[in-house]
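Student: Everything in the sequence shown is counted per our numbering, starting at 2 for the first residue and increasing by one.
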Amino acid sequence: MTEDDIVATVGKHMAAQFPRKCPNCGRTYATVQDYLRITTPVGQVISDDVTEGNWRPTKPLGALAFSNCPCGDTLAMSTNGLPLATTWAIMDWLRRTIAERGVEPQAVVEELRTRIRAELLAN
Ligand SMILES: [Zn+2]
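1. Apart from the five residues just before and just after Leu83, which ones in its own chain have a Cβ nearer than 7 Å to its Cβ?
2. Could you tell me whether any non-hydrogen atom of ligand 1 is closer than 6 Å to the CB of Asn69?
3. If I measure Cβ to Cβ from Ala31 and keep anything under 7 Å in the same chain, skipping five residues before and after, which residues do I get?
4. Less than 6 Å between C-beta atoms, sequence neighbours within five positions excluded: which residues of the same chain meet that for Ile99?
5. In the DSSP assignment, find the unbroken alpha helix (DSSP H) run with Leu76 in it and report its ends.
6. Buried or exposed: where does Pro24 fall if 16 or more other Cβ atoms within 10 Å of its Cβ makes it buried?
7. Check the DSSP bridge columns for Tyr30 and list the partner residues they point to.
8. Touching or not, the stretch 111-120 and the stretch 47-63, by the rule of three or more beta carbon pairs under 8 Å?
9. Just to confirm my understanding: we take Ile91, look at its own chain, exclude 5 residues before and 5 after, and list those with CB closer than 6 Å. What are they?
10. Take the Cβ of Val128 as the centre, count every other Cβ of all protein chains shown within 10 Å, and call the residue buried at 16 or more, exposed below.
11. Please find out if some non-hydrogen atom of ligand 1 comes closer than 6 Å to the beta-carbon of Asp74.
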């Protein structure tokens, strides 16, 4: 997979998780675009598989990205549910890219989050 493939695949996976509702205030986010426009990103992406260097997880913990609903509740988007083969292809890309760029794993993961957000908002 290339970086563009990952952005497209994970973006599609995120979009498929809508509509969804804030369990606290009941606001409905009809589309991922609504969600990205209305909520505020908070914290870092958490990817325990990447942090632990577990590049071939048989039970992936997945990556979690958090955003705050205007009511103050924190909502999470997850990569859980991606096919295992896709997850492994993404892990391969991450491992390679982290080594090639000589950067912290978190930096690559955050860059992906930024690109996926931008890509979804452009559609
Ligand atoms: Zn809410």
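Each residue gets a CB set at the ideal place from its N, CA and C atoms; glycine is no exception.
Tutor: Taking the coordinates as given:
1. His14
2. no
3. Cβ contact annotation for Ala31 (same chain, cutoff 7 Å, sequence separation greater than five): Phe19 and Pro20, in chain order.
4. So the qualifying residues of the chain are Pro106 and Val109.
5. Segment Thr75 to Ser79 is the beta strand (DSSP E) holding Leu76; no alpha helix (DSSP H) there.
6. Here Pro24 is exposed, its C-beta having fewer than 16 other C-beta atoms within 10 Å.
7. Arg21
8. no
9. So the list reads Ile7, once near-sequence residues are dropped.
10. Nothing about residue 128 can be reported from this structure: the residues present for the chain run from 2 to 124 only.
11. yes
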